[in-house]
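Visitor: Quick one: the structure is below, questions incoming.
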Amino acid sequence: MRHLLDVCDLSVEELYKLIYTAEDIAAHGDKYAHALSGKKLATLFFEPSTRTRLSFEAAMLELGGSVLGFSEASSSSAAKGECVSDTVRVVSNYADIIAMRHPIEGAALAAAEKSGVPIINAGDGGHCHPTQTLADLLTIHRELGRLDNLKIGLCGDLLYGRTVHSLINAMLRYKGISYVLISPEELKLPAYTKRALTEAGADYIETTSLEDSVASLDVLYMTRVQRERFPSVEAYKRVKDCYVLTCDIMQRAKATMRVLHPLPRVNEIAKDVDDDPRAAYFRQTLNGKLMRMALLLTLTSDEYLSAPATLPTGERTDKVCHNSKCITNNENGFVRKSTVSADGVEKCLYCEHALQ
Amino acid sequence: MRHLLDVCDLSVEELYKLIYTAEDIAAHGDKYAHALSGKKLATLFFEPSTRTRLSFEAAMLELGGSVLGFSEASSSSAAKGECVSDTVRVVSNYADIIAMRHPIEGAALAAAEKSGVPIINAGDGGHCHPTQTLADLLTIHRELGRLDNLKIGLCGDLLYGRTVHSLINAMLRYKGISYVLISPEELKLPAYTKRALTEAGADYIETTSLEDSVASLDVLYMTRVQRERFPSVEAYKRVKDCYVLTCDIMQRAKATMRVLHPLPRVNEIAKDVDDDPRAAYFRQTLNGKLMRMALLLTLTSDEYLSAPATLPTGERTDKVCHNSKCITNNENGFVRKSTVSADGVEKCLYCEHALQ
Amino acid sequence: MRHLLDVCDLSVEELYKLIYTAEDIAAHGDKYAHALSGKKLATLFFEPSTRTRLSFEAAMLELGGSVLGFSEASSSSAAKGECVSDTVRVVSNYADIIAMRHPIEGAALAAAEKSGVPIINAGDGGHCHPTQTLADLLTIHRELGRLDNLKIGLCGDLLYGRTVHSLINAMLRYKGISYVLISPEELKLPAYTKRALTEAGADYIETTSLEDSVASLDVLYMTRVQRERFPSVEAYKRVKDCYVLTCDIMQRAKATMRVLHPLPRVNEIAKDVDDDPRAAYFRQTLNGKLMRMALLLTLTSDEYLSAPATLPTGERTDKVCHNSKCITNNENGFVRKSTVSADGVEKCLYCEHALQ
Numbered sequence: 019m020r021h022l023l024d025v026c027d028l029s030v031e032e033l034y035k036l037i038y039t040a041e042d043i044a045a046h047g048d049k050y051a052h053a054l055s056g057k058k059l060a061t062l063f064f065e066p067s068t069r070t071r072l073s074f075e076a077a078m079l080e081l082g083g084s085v086l087g088f089s090e091a092s093s094s095s096a097a098k099g100e101c102v103s104d105t106v107r108v109v110s111n112y113a114d115i116i117a118m119r120h121p122i123e124g125a126a127l128a129a130a131e132k133s134g135v136p137i138i139n140a141g142d143g144g145h146c147h148p149t150q151t152l153a154d155l156l157t158i159h160r161e162l163g164r165l166d167n168l169k170i171g172l173c174g175d176l177l178y179g180r181t182v183h184s185l186i187n188a189m190l191r192y193k194g195i196s197y198v199l200i201s202p203e204e205l206k207l208p209a210y211t212k213r214a215l216t217e218a219g220a221d222y223i224e225t226t227s228l229e230d231s232v233a234s235l236d237v238l239y240m241t242r243v244q245r246e247r248f249p250s251v252e253a254y255k256r257v258k259d260c261y262v263l264t265c266d267i268m269q270r271a272k273a274t275m276r277v278l279h280p281l282p283r284v285n286e287i288a289k290d291v292d293d294d295p296r297a298a299y300f301r302q303t304l305n306g307k308l309m310r311m312a313l314l315l316t317l318t319s320d321e322y323l324s325a326p327a328t329l330p331t332g333e334r335t336d337k338v339c340h341n342s343k344c345i346t347n348n349e350n351g352f353v354r355k356s357t358v359s360a361d362g363v364e365k366c367l368y369c370e371h372a373l374q
Numbered sequence: 019m020r021h022l023l024d025v026c027d028l029s030v031e032e033l034y035k036l037i038y039t040a041e042d043i044a045a046h047g048d049k050y051a052h053a054l055s056g057k058k059l060a061t062l063f064f065e066p067s068t069r070t071r072l073s074f075e076a077a078m079l080e081l082g083g084s085v086l087g088f089s090e091a092s093s094s095s096a097a098k099g100e101c102v103s104d105t106v107r108v109v110s111n112y113a114d115i116i117a118m119r120h121p122i123e124g125a126a127l128a129a130a131e132k133s134g135v136p137i138i139n140a141g142d143g144g145h146c147h148p149t150q151t152l153a154d155l156l157t158i159h160r161e162l163g164r165l166d167n168l169k170i171g172l173c174g175d176l177l178y179g180r181t182v183h184s185l186i187n188a189m190l191r192y193k194g195i196s197y198v199l200i201s202p203e204e205l206k207l208p209a210y211t212k213r214a215l216t217e218a219g220a221d222y223i224e225t226t227s228l229e230d231s232v233a234s235l236d237v238l239y240m241t242r243v244q245r246e247r248f249p250s251v252e253a254y255k256r257v258k259d260c261y262v263l264t265c266d267i268m269q270r271a272k273a274t275m276r277v278l279h280p281l282p283r284v285n286e287i288a289k290d291v292d293d294d295p296r297a298a299y300f301r302q303t304l305n306g307k308l309m310r311m312a313l314l315l316t317l318t319s320d321e322y323l324s325a326p327a328t329l330p331t332g333e334r335t336d337k338v339c340h341n342s343k344c345i346t347n348n349e350n351g352f353v354r355k356s357t358v359s360a361d362g363v364e365k366c367l368y369c370e371h372a373l374q
Numbered sequence: 019m020r021h022l023l024d025v026c027d028l029s030v031e032e033l034y035k036l037i038y039t040a041e042d043i044a045a046h047g048d049k050y051a052h053a054l055s056g057k058k059l060a061t062l063f064f065e066p067s068t069r070t071r072l073s074f075e076a077a078m079l080e081l082g083g084s085v086l087g088f089s090e091a092s093s094s095s096a097a098k099g100e101c102v103s104d105t106v107r108v109v110s111n112y113a114d115i116i117a118m119r120h121p122i123e124g125a126a127l128a129a130a131e132k133s134g135v136p137i138i139n140a141g142d143g144g145h146c147h148p149t150q151t152l153a154d155l156l157t158i159h160r161e162l163g164r165l166d167n168l169k170i171g172l173c174g175d176l177l178y179g180r181t182v183h184s185l186i187n188a189m190l191r192y193k194g195i196s197y198v199l200i201s202p203e204e205l206k207l208p209a210y211t212k213r214a215l216t217e218a219g220a221d222y223i224e225t226t227s228l229e230d231s232v233a234s235l236d237v238l239y240m241t242r243v244q245r246e247r248f249p250s251v252e253a254y255k256r257v258k259d260c261y262v263l264t265c266d267i268m269q270r271a272k273a274t275m276r277v278l279h280p281l282p283r284v285n286e287i288a289k290d291v292d293d294d295p296r297a298a299y300f301r302q303t304l305n306g307k308l309m310r311m312a313l314l315l316t317l318t319s320d321e322y323l324s325a326p327a328t329l330p331t332g333e334r335t336d337k338v339c340h341n342s343k344c345i346t347n348n349e350n351g352f353v354r355k356s357t358v359s360a361d362g363v364e365k366c367l368y369c370e371h372a373l374q
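Written out as structure tokens, the structure is:
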């Protein structure tokens, strides 16, 4: 049985297959209208995320399946102190596949280790959110016809922006990608991510100006500066409106350039940009549904159900993870495990933070 | 594409068509059991309203369709500062039709202006709640066989009662309607509504006594005095139990008279009245479901999807709407628009409050 | 029309029929995949209980039916002061059967008295929770092949534990049952329950030691010590971790013994016990879904819909029930009724507390 916890759980080939399936669904939806009839998706949202939840529910319903679940932890057994692995073992008796959103990092892996059905990580804290990245990749592929040889501008919060790190991570596997990293000083891309770019042979430049860099881009990926990620309200206010994409700026961009945004947006894209055909962010939400449909089909197929799990494994460790948001620090009696990354650092198996 | 924001968006003919469709569904439900199979309704409830939400969901399910959505804003992207028009543009990718409830006046119009699918206004603050009025009209038609030549008693909160204003507004289009307005001094029908009655040639009398006026009525429309609408708890307490319909009072009424109530009721109708065949308020909730079924069928029909939108339009204005609950004052960067009513008053396009 | 408010609403024969139906569903699920298509279940959860709600929803979906409802009172009309009997009269127009969870004791009976469709009590405060007991009974039957001649250990909170009292109550009707009551002094089984055991000819012993008593058991029913049931946090802390079932203790038990637990568990069962084939508590949740499927099928069958209701009836009384959590003390204008039990005590019809 296969799960999806991180985009890179999928090989490049598997990812292309998903994309082609999603594009076939877009072209011939009726063919799939009963593909999962009789099957049930459980949407276990331990924190609210309407857009993601509705996208999963729409995806399942369009495949002829049905949906059950919850949209907030307040109405879940977690409130009674149940651990996430017990919850999924129980729900494995109620559903054929589970999409899980959880505020704690590593919760999806902890769940998948015990689940009787495939787990899709619909976001585990600041750690991973692979189905958002699948939406981004399908959007680039449908809008520009390729996933390689692209100049991608990443704009806004490159420090805390989970979607940005996840997109970069996924794009490392494609040839001829270069980046323009547009952010204020306080929100620059972390050093270790830049190192990853260099190691993968992707070149990048850093800048603080959106105006000056937009002209050369194939893709402009805008992000929302998220209040919740900041240490203080002041720190947030200083940078919140540092970038606003306007029609004036759009005039400097190529006719083939595309604007992506994970949404919701607040002020970072002026509303009149919505009417520009290069604004792809609403189509991006449609693509998110299509990729989730492809994913639900794939993970519930006999081939994937009978395939060996590809979950990351590690060794028991006595070292304590110092990430307070890690699942190992949020459930009692948790068995701590670690793994050693390519560059020799011992990391927590669940949240991937380095262990001292 | 057509939307339903206000009952009067429907012509008298269209309204009769809806009523006949609802009555046909009541008689031959099986005929409609798969009418919308494969279609999805999104119930976007930015504030809770169980009865209305469940009625919409039951309606869609009985037509063979399916449902997704949320029942509180806390679990919606609005919490992240997304504007309602972005939300519906996204949800337009997930559903074929949207029923939206929102605490802010004009939110339904703001949504419909950008939506890719039909919007049904399931209540926008104190502004409109057309599907409740559709339930009232079908109930009168099914119980009394006509929508004209009726003596209608409106009892309770005629000042703040949204359902009362909406029912009067809808009935203005029918002949031979007269009103008995039964309320305490503090809760009398607003002057502008009385003016509308006069202009439409409907006569009315005002009274404070239910006992003395019940004998002549064809319809008695009871309302709940709603705590939330009052400036102070004292003001509320003074009038909350001013009218209680009892079996004694019912003895004075005609055998053909019918009692309606939008529900939920608190104390304004004694429970033993429930067993009186003239008590139509529980059947009224069934009629609400039937009209919502008719409405879902109609708005998703090719004829209505291909029809031009009939949304109210207006001119950009720099005047600020002084209604603090208006959408124009609750979303940033909102384009203010106004329209001039028949009597020459410039009104906010969204909440219809007069602009100074 | 029949309802299920208490396990003992079902005769021993009816209960066996449910069990055989559930076992047939387990063996031939496909046969039932469309059994309730076109039917609707309303899950009215006035307090959250995810596991129970999801189990009901999964049950209905696997029978081809659909589901609507709410998971918290905050999003229900109760917030507006509506009484539960009005709510179910309205929902009777939206659904074919109702599963209701309510924090107030006797709410399920108050609802059933007015409902137009069958009511399943999914828990009314500390009073009854029959579908949990149905899950327990099916689990014993599937795991051990019988419901009689069993030695049952009940461990943990035997004072407040609703599931324990309900299981004992149901087992009183079977022959050759003996009990080992394992609890700390503070949480011993109430005297009246012990009296019931004696009257039914079931023998029992009381002990504080799990280790010493596990060897002879056929069934070990573990319970969670629930914070919410205790007068003070201290009282709770004193006993919360008094029993922890470990692999060491399991070594003393019979190869045929089975461990049950209503779940969620906190610390009372060590996680490594999960891998022991005698650990039946996750299978128990599957059995809960199967019994709910059997129950939905049965209560919506023509035979049961046309059968006379078997609701407990009583006489009007002026005596006030002194249980502050009783429905008679939580809804205004409630008609109080009482009934006289076998031992001559006058009890509240709704919460079954003795009236002074």
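Residue numbers (my numbering), protein chains in the order written: chain A, 19 to 374; chain B, 19 to 374; chain C, 19 to 374. All C-beta atoms in this analysis are idealised placements derived from N, C-alpha and C, irrespective of residue type, glycine included.
Using a beta-carbon distance below 9 Å, is R247 (chain A) in contact with chain B?
Guide: Residue mapping note: residue 247 (chain A) aligns to position 229 of the first sequence, counting from 1. The beta-carbon of R247 (chain A) is placed no less than 9 Å from the nearest beta-carbon of chain B.
Visitor: In the segment 259 to 291 of chain B, which residues sit with their C-beta less than 9 Å from some C-beta in chain C, listed in chain order?
Guide: L281, P282, R283, V284, N285, A288 and K289
Visitor: List the residues that DSSP assigns as beta-bridge partners of S356 (chain B).
Guide: Along the second sequence, read from residue 1 onward, the residue named residue 356 (chain B) stands at position 338. B:E333 and B:C366.
Visitor: Looking at the secondary structure, which residues open and close the beta strand (DSSP E) in which R276 (chain A) lies?
Guide: The sequence position of residue 276 (chain A) within the first sequence is 258, counting from 1. It spans R276 to L278 - the beta strand (DSSP E) in which R276 (chain A) sits, taken as one unbroken run.
Visitor: I'd like the span of the alpha helix (DSSP H) that includes E224 (chain B), first residue to last.
Guide: As a first step, residue 224 (chain B) must be located in the second sequence, where it is residue number 206. Taken as a continuous stretch (DSSP letters only), E224 (chain B) belongs to no alpha helix (DSSP H), being part of the beta strand (DSSP E) at D221 to T225.
Visitor: Please state the DSSP three-state secondary structure of E123 (chain A).
Guide: Position 105 of the first sequence, counted from the start, is the residue given in the question as residue 123 (chain A). If DSSP states are grouped into helix, strand and coil, E123 (chain A) belongs with the strands.
Visitor: Run through chain C and tell me which residues come within less than 7 Å of E75 (chain B), C-beta to C-beta.
Guide: In the second sequence, the residue the question calls residue 75 (chain B) occupies position 57. The answer, in chain order, is L86.
Visitor: Who are the neighbours of G351 (chain C) on chain B, taking C-beta pairs under 9 Å?
Guide: Here residue 351 (chain C) corresponds to residue number 333 of the third sequence, with the count starting at 1. Under the 9 Å cutoff, chain B gives N285, A288 and K289.
Visitor: Name the two residues that bound the continuous beta strand (DSSP E) containing S84 (chain B).
Guide: For the purposes of this step, residue 84 (chain B) is taken as residue 66 along the second sequence, with counting starting at 1. From DSSP, the beta strand (DSSP E) with S84 (chain B) extends over S84 to F88.
Visitor: Suppose the cutoff is 6 Å on Cβ atoms and the five residues either side in sequence are ignored; what does the same chain contact list for K258 (chain C) look like?
Guide: For the purposes of this step, residue 258 (chain C) is taken as the residue at position 240 of the third sequence. Hits under 6 Å: V243.
Visitor: Could you check what DSSP says for K169 (chain A) in three-state terms: helix, strand or coil?
Guide: Counted from its first residue, the first sequence places residue 169 (chain A) at position 151. Note: K169 (chain A) maps to strand in three-state DSSP.
Visitor: In the segment 120 to 152 of chain B, which residues sit with their C-beta less than 7 Å from some C-beta in chain C, listed in chain order?
Guide: none
Visitor: Alpha carbon to alpha carbon, how far is L314 (chain A) from A130 (chain A)?
Guide: The residue you call residue 314 (chain A) lines up with position 296 of the first sequence. The residue you call residue 130 (chain A) lines up with position 112 of the first sequence. If you take the alpha carbons of L314 (chain A) and A130 (chain A), they lie about 16 Å apart.
Visitor: Is S196 (chain A) closer than 9 Å to Y222 (chain A) when the C-beta atoms are compared?
Guide: What you label residue 222 (chain A) is simply residue 204 of the first sequence in a count that begins at 1. What you label residue 196 (chain A) is simply residue 178 of the first sequence in a count that begins at 1. Taking 9 Å as the Cβ cut-off, Y222 (chain A) and S196 (chain A) qualify as a contacting pair.
Visitor: Do we get a CB-CB distance below 9 Å when we pair E41 (chain B) with the residues of chain C?
Guide: In the second sequence, the residue the question calls residue 41 (chain B) occupies position 23. False, the Cβ-Cβ gap to chain C never drops below 9 Å.
Visitor: Going by CA-CA distance only, name the one from A:V251, A:T39, A:L127 and A:Y192 that's closest to R164 (chain A).
Guide: Taking the first sequence and counting its residues from 1, the one referred to as residue 164 (chain A) is at position 146. The option with the nearest alpha carbon to R164 (chain A) is A:Y192.
Visitor: For a test of the three-state rule: what should DSSP assign to T61 (chain B), helix, strand or coil?
Guide: Walking along the second sequence from the start, residue 61 (chain B) turns up at place 43. DSSP places T61 (chain B) in strand when its eight states are reduced to three.
Visitor: For chain C, check one thing: does any of its Cβ atoms lie closer than 9 Å to the Cβ of R334 (chain A)?
Guide: Taking the first residue of the first sequence as position 1, residue 334 (chain A) is located at position 316. No, because no Cβ of chain C sits closer than 9 Å to the Cβ of R334 (chain A).
Visitor: Buried or exposed: C173 (chain C), going by 16 or more other Cβ atoms within 10 Å of its Cβ?
Guide: By 1-based counting over the third sequence, the position of residue 173 (chain C) is 155. Answer is buried; the Cβ neighbour count reaches 16.
Visitor: Over what stretch of residues does the beta strand (DSSP E) that includes D142 (chain A) continue unbroken?
Guide: The sequence position of residue 142 (chain A) within the first sequence is 124, counting from 1. Per DSSP, D142 (chain A) belongs to the beta strand (DSSP E) from I137 to D142.
Visitor: Which same chain residues, not among the five before or five after S103 (chain B), have their C-beta less than 7 Å away from its C-beta?
Guide: Here residue 103 (chain B) corresponds to residue number 85 of the second sequence, with the count starting at 1. For S103 (chain B), where only same-chain residues beyond five positions count, the Cβ hits under 7 Å are A128, A129, E131 and K132.
Visitor: Using DSSP with H/G/I as helix, E/B as strand and the rest coil, what is C344 (chain C)?
Guide: Counting from one through the third sequence, the residue named residue 344 (chain C) turns up at place 326. The answer is strand: DSSP assigns C344 (chain C) an E or B state.
Visitor: If contact is defined by three or more beta carbon pairs under 8 Å, each pair taking one atom from either stretch, is the segment 225 to 233 of chain C in contact with the segment 150 to 167 of chain C?
Guide: no
Visitor: I'd like the span of the beta strand (DSSP E) that includes M19 (chain A), first residue to last.
Guide: The residue labelled residue 19 (chain A) in the question sits at position 1 within the first sequence. Counting along the chain, M19 (chain A) falls outside any beta strand (DSSP E), and DSSP gives it neither H nor E.
Visitor: What is the DSSP secondary structure of S196 (chain A), counted as helix, strand or coil?
Guide: Along the first sequence, one-based indexing puts residue 196 (chain A) at 178. Strand, per DSSP.
Visitor: Against chain A, with Cβ distances strictly below 9 Å, would Y50 (chain B) count as a contact?
Guide: One-based indexing of the second sequence puts residue 50 (chain B) at position 32. Proximity of Y50 (chain B) to chain A, defined by a Cβ-Cβ separation below 9 Å, is not satisfied.
Visitor: With a cut-off of 9 Å, does the C-beta of F300 (chain B) fall near any C-beta of chain C?
Guide: Counting from 1 along the second sequence, the entry for residue 300 (chain B) is found at position 282. Yes, F300 (chain B) counts as interfacial toward chain C.
Visitor: Just grab the DSSP bridge partners of A372 (chain A) for me.
Guide: In the first sequence, residue 372 (chain A) corresponds to position 354, counting from 1. DSSP output for A372 (chain A) lists A:K365 as bridge partner(s).
Visitor: Strictly by DSSP, which residues pair up with V237 (chain A)?
Guide: In the first sequence, counting from the first residue as 1, residue 237 (chain A) sits at position 219. According to DSSP, V237 (chain A) bridges with A:I170 and A:R276.
Visitor: Go ahead and pull the three-state DSSP assignment for A117 (chain A).
Guide: Reading the first sequence from its first residue, position 99 is the one you call residue 117 (chain A). Strand.
Visitor: List the residues of chain B whose Cβ lies closer than 9 Å to the Cβ of K307 (chain A), in chain order.
Guide: The residue you call residue 307 (chain A) lines up with position 289 of the first sequence. Near K307 (chain A) (Cβ distances below 9 Å), the residues of chain B are N111 and Y112.
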